[in-house]
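Visitor: For the sequence shown, the working numbering begins at 12 and goes up steadily by one.
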Amino acid sequence: MNQPLVAVSTDVRQFDNYTWHAAPQQYLDAAISVADVFPLLVPSFGERLDLESLLARVDGVMVTGSKSNVHPSLYGAEATEADGPYDEARDSTTLPLIRMAIERGVPLLAICRGIQELNVALGGTLASEIQEQEGRLDHRAPVSDDQNERFAIRQPVSIKPGSCLAGIFGAGEVMVNSVHRQAVDRLGDRLQVEAVAQDGTVEAVSVINARAFAVGVQWHPEYWAKSDDASARVFKAFGDAARDHAAARGGRLAAAE
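Structure representation (structure tokens):
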């Protein structure tokens with residue numbers, strides 16, 4: 012079977028006197044090498060894009076992490092410089108893309124910023140600078156120029172029994188590389204908690220009664236997907252869901268001919 016096409020979110024960045032729509036290589040590499048899918052970058056042009064047509068042609072959606080944060084106005088909060096940087100062009104693209112993917116039953120994997128976009132897209136809110144809240148751990152990366160150190164697997168999360176992730180990992184704890192300063196606050200409509208950190212921070216969610224795989228994780232499985240079994244399992248499950256969708260879509264197209 013040919014590799015399923017998977018739509019991938021992009022950040023809007025300014026450098027070399029150009030405006031770029033880009034995604035980090037780790038996500039694309041994990042998609043190709045571990046999920047065995049073909050990543051297709053979606054430019055962040057918001058309502059100028061025909062997302063319905065896109066979703067009729069792809070077999071998955073992956074929403075990546077990013078340095079930027081979802082704009083607070085999208086969940087009823089006041090935007091401050093401290094909560095930035097922002098990427099409103101990305102927001103205008105990913106939030107409707109997430110909602111449409113869920114409604115169409117297109118497999119969805121949302122990572123780091125992605126889980127926050129998923130939560131906001133479904134009506135939830137975000138908490139900022141959670142390391143400053145009483146009883147919360149510091150989930151930020153250590154200060155280092157070494158990316159391997161910054162993204163080291165160091166934090167246990169508890170997988171909810173009977174959840175989608177329990178089917179991937181089994182119930183109990185799994186070690187992850189969670190690196191963030193914002194987190195899910197009020198849970199969005201149709202979402203359920205899949206995993207939590209030791210301090211109760213939501214580390215994974217899934218869409219209730221989703222027609223296909225629809226999971227968000229706050230950690231970074233893309234970084235070690237080729238060497239860490241737990242990280243690989245997330246991408247393999249997503250890839251399997253994309254292949255199932257491709258097979259079903261191919262069957263529907265054949266029946267319509």
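Backbone N, C-alpha and C fix where the C-beta goes; we use that ideal spot for every residue, glycine too.
1. If you draw a straight line from the C-alpha of Pro15 to the C-alpha of Gly146, how long is it?
2. Ordered along the chain, which non-local residues of its own chain (more than five positions away) have a Cβ less than 6 angstroms from that of Ala152?
3. For Asp157, count the other beta carbons within 10 Å of its own beta carbon; 16 or more makes it buried, fewer makes it exposed. Which is it?
4. Any idea what DSSP makes of Asn130, helix, strand or coil?
5. Let me check understanding here. Comparing Cα to Cα, which of Thr105, Trp31, Leu137 and Leu176 lies closest to Gly87?
6. Under a three-way DSSP split, which group does Asp40 fall into?
7. Locate the beta strand (DSSP E) running through Thr8, then write down its first and last residues.
8. With a cut-off of 8 angstroms on the beta carbons, I'd call Ala208 and Leu148 a contact; round off their distance for me.
9. My understanding is that Val74 touches Ile122, with C-beta atoms under 8 angstroms, so please give their C-beta distance in whole angstroms.
10. Quick one: is Gly211 buried, meaning 16 or more other Cβ sit within 10 Å of its Cβ, or exposed?
11. Quick one: what does DSSP say Glu233 is sitting in, helix, strand or coil?
12. Would you decide whether Pro118 is buried or exposed? Buried here means 16 or more other CB atoms lie within 10 Å of its CB.
13. Going by the CB atoms, is the gap between Ser139 and Asp102 shorter than 7 angstroms?
14. If you compare alpha carbons, which of Trp31, Asn130, Phe49 and Pro35 is closest to Ala100?
15. Within this structure, are the beta carbons of Val228 and Ala215 separated by less than 7 angstroms?
16. Roughly how many angstroms separate the alpha carbons of Lys78 and Ala34, rounded to a whole number?
17. Just tell me which of Val218, Phe249 and Val131 has its CA closest to the CA of Val204.
18. In three-state DSSP terms, what is His256?
19. What residue range does the beta strand (DSSP E) around Ile170 cover?
20. Are the Cβ atoms of Ile109 and Ala132 separated by less than 7 angstroms?
21. Along the chain, where does the alpha helix (DSSP H) containing Ala46 start, and where does it finish?
22. Just to confirm before moving on: does the CB-CB distance between Val226 and Cys175 stay below 7 angstroms?
Guide: This is what the structure gives:
1. 43 angstroms
2. Arg161 and Val190
3. With fewer than 16 other Cβ atoms inside 10 Å of its own Cβ, Asp157 counts as exposed.
4. helix
5. Leu137
6. The answer is helix: DSSP assigns Asp40 an H, G or I state.
7. Residue 8 lies beyond the residue range present for the chain, which begins at 12 and ends at 268; the question has no answer from this structure.
8. 7 angstroms
9. About 7 angstroms; that satisfies the 8 angstroms criterion.
10. Around the beta carbon of Gly211, fewer than 16 other beta carbons lie within 10 angstroms, which makes this residue exposed.
11. coil
12. buried
13. no
14. Trp31
15. yes
16. 11 angstroms
17. Val218
18. In this structure, His256 counts as helix in the three-state DSSP scheme.
19. Gln166 to Ile170
20. yes
21. First-last for Ala46: undefined, no H or E at that position.
22. yes
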